[in-house]
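A quick write-up on the structure given underneath.
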Amino acid sequence: MGDLTNSDYYSKNQRNDVSSNHEGGFGVSVMELRELMELRGSEAVVKIQEEYGDMDGLCQRLKTSPTEGLSGDATDLDKRKEVYGENLIPPKKPKTFLQLVWEALQDVTLIILEVAALISLGLSFYQPPGGDSGESCGTAAAGAEDEGEAEAGWIEGAAILLSVVCVVLVTAFNDWSKEKQFRGLQSRIEQEQKFQVVRGAQVIQLPVADIVVGDIAQIKYGDLLPTDGVLIQGNDLKIDESSLTGESDHVKKAADRDPMLLSGTHVMEGSGRMLVTAVGVNSQTGIIFTLLGAGEPGEEEKKEKKVKKQDGAAAMEMQPLKSAEGGEMEEKEEKKKANVSKKEKSVLQGKLTKLAVQIGKAGLVMSAITVIILVLYFAVDNFVLQKRPWLTECTPIYVQYFVKFFIIGVTVLVVAVPEGLPLAVTISLAYSVKKMMKDNNLVRHLDACETMGNATAICSDKTGTLTTNRMTAVACYVGDVHYKEIPDPGLLSVKSLDILVNAISLNSAYTTKILPATKEGGLPMQVGNKTECGLLGLVLDLKRDYQPVRNQIPEEKLYKVYTFNSVRKSMSTVIKLPDGSFRMYSKGASEIVLKKCTKILNQEGEPRVFRPRDKDEMVKKVIEPMACDGLRTICVAYRDFPGDPEPLWDNENDILNELTAVCVVGIEDPVRPEVPSAIVRCQRAGITVRMVTGDNINTARAIAIKCGIIHPGEDFLCIDGKEFNRRIRNEKGEVEQERMDKVWPKLRVLARSSPTDKHTLVKGIIDSCLTDQRQVVAVTGDGTNDGPALKKADVGFAMGIAGTDVAKEASDIILTDDNFSSIVKAVMWGRNVYDSISKFLQFQLTVNVVAVIVAFTGACITQDSPLKAVQMLWVNLIMDTFASLALATEPPTEALLMRKPYGRNKPLISSTMTKNILGHGIYQLVIIFSLLFVGEQIFDIDSGRHAPLHSPPSEHYTIIFNTFVLMQLFNEINARKIHGERNVFDGIFRNPIFCSIVFGTFAIQIVIVQFGGKPFSCTPLDLEKWGWCTFLGLGELVWGQVIATIPNSKLRFLRGAGQLTKKNEMPGDEDMNEDNEEIDHAERELRRGQVLWFRGLNRIQTQIDVVNTFKSGSSYQGQLRRQSSTTSQNQDVTNVSSPSHVSLSNALSPTSPTGQC
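Note that this note's numbering has the sequence shown beginning at 3, numbered continuously upward.
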């Protein structure tokens, strides 16, 4: 990033700071530190030596201690923030309410309405010249000149404009509150990210924003670096800098070779301590962010494109401080233009888009036919049958009629487009996300919440998710004796005990500790790696203490550390003994470490030969029995090396060999008490739970039986990683889907698996076409190397407590309590979202079908729609808004887990829903047409049919409007149940929002009818008529029971109707090339330009605009950052991130990955 431009840009801003820095009393300025951070490798080492002498010199200038850190004095910290800045990057300004109003006004249907209303308004003020014009213009003007009626002609246009204003304000307010909510969510996620720093010689966890220049930060495997810094001391440290440099190879860091650590990069191996040298806008991440113009939206848009091209991945990886984003795979899209055409959506989104296009097309056709019929009827009646000439002075009156017809047509269209749908989706998702926070699910990508409802398989880690992650040593094998419980230290030889205590104390991360219990009678607190905590617990149980041993050899005196990683499966530490020779302590998975042992300590603590047959016996008699009890077995060993010649430490295979075994420890990690019942609920809900773990096969099987994942006597597979790979790969070592399909359906436990195995399994299940429905897979992960699997899965769960930053970055949902039962809650909420949308759809479509048919037939038969434009807007927009709020906030029930997942191909509108929509539609149409054609006789009132232009509202049409609204209101109660349940009132009082909305809508309806007058085309009704309207409305509830009685099997035609939204345009993954040519249905419509107003249907997609808040300056870097950890895995990168992440058409915002089949 060593751009000259950066330095120039800042030299202007910082010139006057240099003097003040030295006044601030620090021996180095912001600019000097920035220049230092732009160097790499040996250049940086030379610069530090020239300018500051060594690292200690730099620490002295920054007034900090490399071992004890800052004092933590508040005035000192404030001064540092003032001089060097805070570790915050100013967020992009949120959109103002007015901007949101302007965006809402862009809706095409609304624009059409506004134009029509303005024309109508203009024409209503036009008076044709001459007094007898009324006669000469024929029926066109008849009745228009009644007392004061002409003056009232403007009311309809004004009322439509007013309705539009209401709609726009409601939409803008919803967007605004949504954005506010998600900024809140984002800041919560930011506060969650903490980092370990040393202050006053104590290691403490600090929120990332509180880190200042001069802090000494402790870094370890899996961290996402929050600031720039210089390495003081490191063990086997490897960093993934791909997010900044685009290089996927891990970079080795060492204090004497390449000490520069940059913000936004990931620690992939090792540990160390660094001196923080740049924070916030001065860090490498901050510089890029400034180039992108954070906080200046105008500039940002201009610069964004440039920077994206310049820096590629670098520009994406911007904000380590914010871990709450998903977003566009910009870089990927540059590379693969071919893939952009095939858009991949979440299940619900895909179905809704398709449905919206279909409804929109139908509505467009209906409205066009309505307008054509009205215009033709008028023209034929006036100019052909009555043979009237076209008079120029009458033109405005004719135009006024045409405008009226046009408004009716647009009204039909407005009713046809389900305006409330995006709102229902948004509200439902936002409501669920908010509630899921209380259930320990922090949702990072909105649609993950809904995808989870369709999950068919969960691949879960064992440690910490299914188990408590509180490791306790319960058995051991020392000095040729197998102790079933921890022995009294007197039974062990002093030699063995000393070696064991030293091996455990020194060869574990110094950040791992056991602290006294916070509550009286509570368990001691385990800090750091839990397996190491179990071993340190063993030291304490043997009446020894690990701290004095560590104090004697502090971390910086460790000669060489081979940190634990998924390839080694062991950790080793080398120390220099006083006589100049070296000793290496090693610990790791017992079967792996024992293979490298050639000696073992006997009862006296002396090494004896350890032959291969002794090893086999040990495995049979010690390790397997421990594993069958569900214990994790760890072997501790050591090896001595001569001081001269010094061994070649980099030659790992020779070093980690010929070890002397000290002991084997059995560590227990008990199953969480609530897990077995959670797994039973999953299995009942049709979800297969698989355990993927790094433990050995016997331990894994024992835990799986305790959890209830497997039951003795069932037909299932428990295999380890080696056997798994043997079964799924061909002779060339390539994974074959056919072979995979033979393994995964029965697989329940995959032991000793590597992260690559996990990714292969997830990909294999997702790509499989064995079942009719494509499998929807959820995966849990906590380690850095789980990134690819988390990304590949439909829903990735990261552990909030044990998870590394990299895993959280790649996930869709963070489990804040690391508990499996929280996943079951996520399933429940996901299904609830799907059901909420279905409930709303059932209600919305009934309203739409009836309103469109009434407006259409009414217009064709009586030349006027029985439901006026303003009334339609009230029904369609306001009621739908309220209904979406009412139906989308239904709380989930346990019943949701009693059925199988819907699957990706199941139509959105089930046959039961189709039956309800058609049934209620028929009831409402019969009532309305009866009222329309014989209503005046029933109620003995004047007919409202064939009323001339601008005539006053009739009682007849008011009754129709009122009955229509009341029927919708009672049908809203019916819509609460979509699976054919009889009791529609069940649990209604658990949802106060629903009750208040139903009563509220009823109250507003009374006001509109009694006081709405001309604008709403209403006349006040007396009590008797209100009684009849309400009675007809209540009939909906009775009719609902009648419909529920009709079995679906009798209505065969419904099966076809239920396929309304069948997703037939999702080809399998194997037809990758076809995918590229296959254009998403919605996009094809756009291309043809058949549905010109389709862009107005953005509103169907507003729910995804929620993610736009995540776009605020940081959406794309989130995905890119996550992608960087993927790229580092050479496993199948193309498939990890190809079509899974391309988002919807231009109209839509980015969404989180879902696969396809």
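From the three backbone atoms N, C-alpha and C, an ideal C-beta is built for every residue, glycine too.
Between which residues of its own chain and SER840 is the CB-CB distance below 6 Å, once the five residues before and five after are set aside? Closer than 6 Å at Cβ, skipping near neighbours: ILE980.
Span of the alpha helix (DSSP H) around CYS61: From DSSP, the alpha helix (DSSP H) with CYS61 extends over 57-63.
In whole angstroms, give me the CA-to-CA distance for PHE726 and LYS793. Within the model, the alpha-carbon separation for PHE726 versus LYS793 is close to 21 Å.
Would you report the Cα separation of ASP759 and MET573, rounded to the nearest angstrom? Cα-Cα distance, rounded: 22 Å.
Name the residue from THR247, SER73 and LYS255 whose alpha carbon lies nearest to the alpha carbon of ILE234. For ILE234, the closest C-alpha among the options THR247, SER73 and LYS255 is that of LYS255.
In three-state terms, what does DSSP make of GLY783? DSSP places GLY783 in strand when its eight states are reduced to three.
Residues in the same chain with beta-carbon distance under 8 Å from ASP441, minus the five sequence neighbours each way, listed in chain order, please. Excluding residues up to 5 positions away in sequence, SER824, LYS827, ALA828 and TRP831 lie with their Cβ nearer than 8 Å to the Cβ of ASP441 in the same chain.
Proximity of VAL253 and LEU60 at Cβ, strictly below 8 Å: Cβ atoms of VAL253 and LEU60: not closer than 8 Å.
Relative to the alpha-carbon of VAL751, which residue among LYS182, SER592, ALA119 and PHE718 has its alpha-carbon at the smallest distance? The shortest Cα separation from VAL751 among LYS182, SER592, ALA119 and PHE718 belongs to PHE718.
Who are the near neighbours of SER1164 in its chain, counting only those whose CB is closer than 7 Å to its CB and skipping five residues on each side? Residue numbering for the chain in the displayed model covers 3 to 1159; residue 1164 lies beyond these limits and cannot be assessed.
Bridge-paired residues (DSSP) for GLN528: Bridge partners of GLN528: ILE516.
Please state the DSSP three-state secondary structure of THR1104. Low per-residue confidence applies at THR1104: pLDDT is 43, beneath 50, and the placement is therefore not dependable, though the value from the model is reported in the following sentence. Residue state, collapsed to three classes: helix.
So what's THR355 in DSSP terms, helix, strand or just coil? Note: THR355 maps to helix in three-state DSSP.
Alpha carbon to alpha carbon, how far is THR287 from THR818? Give it in angstroms, no decimals. Per the coordinates, the alpha-carbon of THR818 lies some 27 Å from the alpha-carbon of THR287.
Just list the residues that DSSP pairs MET276 with in beta bridges. In DSSP, MET276 forms a bridge with ALA219 and LEU233.
Take the Cβ of MET900 as the centre, count every other Cβ of all protein chains shown within 10 Å, and call the residue buried at 16 or more, exposed below. MET900 should be labelled exposed.
So, at 7 Å on beta carbons, what are the nonlocal neighbours of LEU415 in its own chain, with the 5 sequence-adjacent residues on each side left out? Excluding sequence neighbours, LEU415 sits near THR111, GLY365, LEU366 and SER369.
At the level of alpha carbons, what is the spacing between LYS562 and ARG36? It is roughly 31 Å from the alpha-carbon of LYS562 to the alpha-carbon of ARG36.
So the alpha helix (DSSP H) MET33 belongs to, where does it begin and stop? Its alpha helix (DSSP H) spans residues 32-39.
With a Cβ-Cβ cutoff of 8 Å, do ASN655 and THR575 count as a contact? Contact: no.
In chain order, what residues of the same chain have a beta carbon less than 8 Å from the beta carbon of GLY43, not counting five sequence neighbours either side? If we look at GLY43 and ignore the five residues flanking it on each side, its Cβ neighbours are ARG259, ASP260 and MET262.
Please say whether ASN604 and LYS532 have beta carbons closer to each other than 8 Å? No, the pair does not count as a contact, with Cβ atoms beyond the cut-off.
Inspect the beta-carbon positions of ILE929 and MET969 and report whether they are closer than 8 Å. Closer than 8 Å, so yes.
Going by DSSP, which residues form a beta bridge with ALA639? According to DSSP, ALA639 bridges with SER588 and ALA663.
Beta carbon of THR465, beta carbon of THR695: below 8 Å? Between THR465 and THR695, the gap from beta carbon to beta carbon is short of 8 Å.
Contact check, ARG666 vs THR635 under 8 Å by CB: the rounded distance? The identity of residue 666 in the sequence shown is Val, whereas the question assumes Arg. At roughly 6 Å, the Cβ-Cβ gap stays under 8 Å, so VAL666 and THR635 are in contact.
For TRP651 and ASP238, what's the separation of their Cα atoms in angstroms? For the pair TRP651 and ASP238, the Cα-to-Cα distance works out to about 11 Å.
If we ignore side chains and look at the alpha-carbon of each, how far apart do ILE712 and VAL764 end up? Just so you know, the alpha carbons of ILE712 and VAL764 end up roughly 19 Å apart.
Need the endpoints of the beta strand (DSSP E) that ASP722 sits in, please. Element bounds for ASP722: 719-722.
Which residues in the same chain have their Cβ closer than 8 Å to the Cβ of GLY688, if we skip the five residues on either side of it in sequence? When the five nearest sequence neighbours on each side are left out, the beta carbons in the same chain lying within less than 8 Å of the beta carbon of GLY688 are those of THR458, ARG901, LYS902 and PRO903, in order along the chain.
Alpha-carbon spacing of VAL872 relative to GLY783, whole angstroms: Rounded to the nearest angstrom, the two C-alpha atoms are 54 Å apart.
Run of the beta strand (DSSP E) containing THR690, from where it starts to where it stops: Start and end: 690-694.
Starting from the C-beta of ILE516, find all residues in its chain whose C-beta is less than 8 Å away, skip the five residues before and the five after it, and write them out in chain order. If we look at ILE516 and ignore the five residues flanking it on each side, its Cβ neighbours are PRO526, MET527, GLN528, VAL529, CYS535, LEU538, GLY539 and LEU542.
Please indicate yes or no: does the CB of THR864 lie closer than 7 Å to some heavy atom of the ligand FAD? You won't find the ligand FAD in this model; it holds no ligand whatsoever.
For TRP1028, tell me which candidate among THR960, LYS622 and GLY55 has the shortest Cα-Cα distance. Of THR960, LYS622 and GLY55, the smallest CA-CA separation from TRP1028 is found for THR960.
Under 6 Å Cβ to Cβ from LEU79, same chain only, skipping five residues before and after it: list those, please. These residues qualify, in order along the chain: VAL214.
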